[in-house]
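Each residue of the sequence shown is one higher than the last, beginning at -5 in the numbering used here.
From the three backbone atoms N, C-alpha and C, an ideal C-beta is built for every residue, glycine too.
A quick note: this is a predicted structure, and the numbers were derived from the prediction, not measured.
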Amino acid sequence: MILTFVVKYTKKVLTNVMICDIINNMKVGIDFYDTITDNPPKFRRLIRNLQQDGNEVFVISAIMEYNKHKLQKDFKKSRVYCTLIPVIYEHYNQIPKLKYDKCIELGIDYLIDNRMDTCQYLIDRGLKAKCY
-5 MILTFVVKYT KKVLTNVMIC DIINNMKVGI DFYDTITDNP PKFRRLIRNL
45 QQDGNEVFVI SAIMEYNKHK LQKDFKKSRV YCTLIPVIYE HYNQIPKLKY
95 DKCIELGIDY LIDNRMDTCQ YLIDRGLKAK CY
């Protein structure tokens, strides 16, 4: 099944915001900051739809150690109901590899992320990714 996700914005304009080649029974990773936080209601609907179609959804967010508690607090406030996976980095340029490693560890089939370098890193290594 091809997933088409349509969301209603405040000006009552319907926009087709995400068309993915996500099929049933996949593991999907979604970045938190600047992805889910860009439009939490849209991503709550997307996650709910993915879960209803039999997919397992993880929020995979790269943060520095000192921001771990902030991430947990922000995630709870977002009311996104899935598993949160923090990925701890020391240097910003480590993020693509660390997220790739976490995707391999969890068996993620598809990642949605705001960073083009992260998406390209995954794609270059054979994983599916979409830059949001």
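On the three-state DSSP scale, how would you describe residue i?
i: E59; result: helix
i: L121; result: coil
i: I17; result: coil
i: I30; result: helix
i: I106; result: strand
i: C113; result: helix
i: D47; result: coil
i: Y75; result: coil
i: Y126; result: coil
What does DSSP give as the partner residues of residue i in its beta bridges?
i: V81; result: A56
i: I24; result: V53 and I106
Once you ignore the five residues that flank residue i on each side, which residues in its own chain have a CB closer than 8 Å to its CB?
i: L105; result: V22, G23, I24, D25, I54, K93, C97, T112, C113, L116, L121, K122, A123 and K124
i: K70; result: none
i: R119; result: Y94
Note down, in chain order, each residue of its chain lying with its Cβ closer than 7 Å to the Cβ of residue i, except the 5 sequence neighbours on either side.
i: P80; result: S55, I57, K62 and L65
i: F129; result: Nothing about residue 129 can be reported from this structure: the residues present for the chain run from -5 to 126 only.
i: D28; result: N108
Leaving out the 5 sequence neighbours to the left and right, which residues in its chain are closer than 6 Å to residue i when beta-carbon positions are compared?
i: E50; result: K21
i: M110; result: C125
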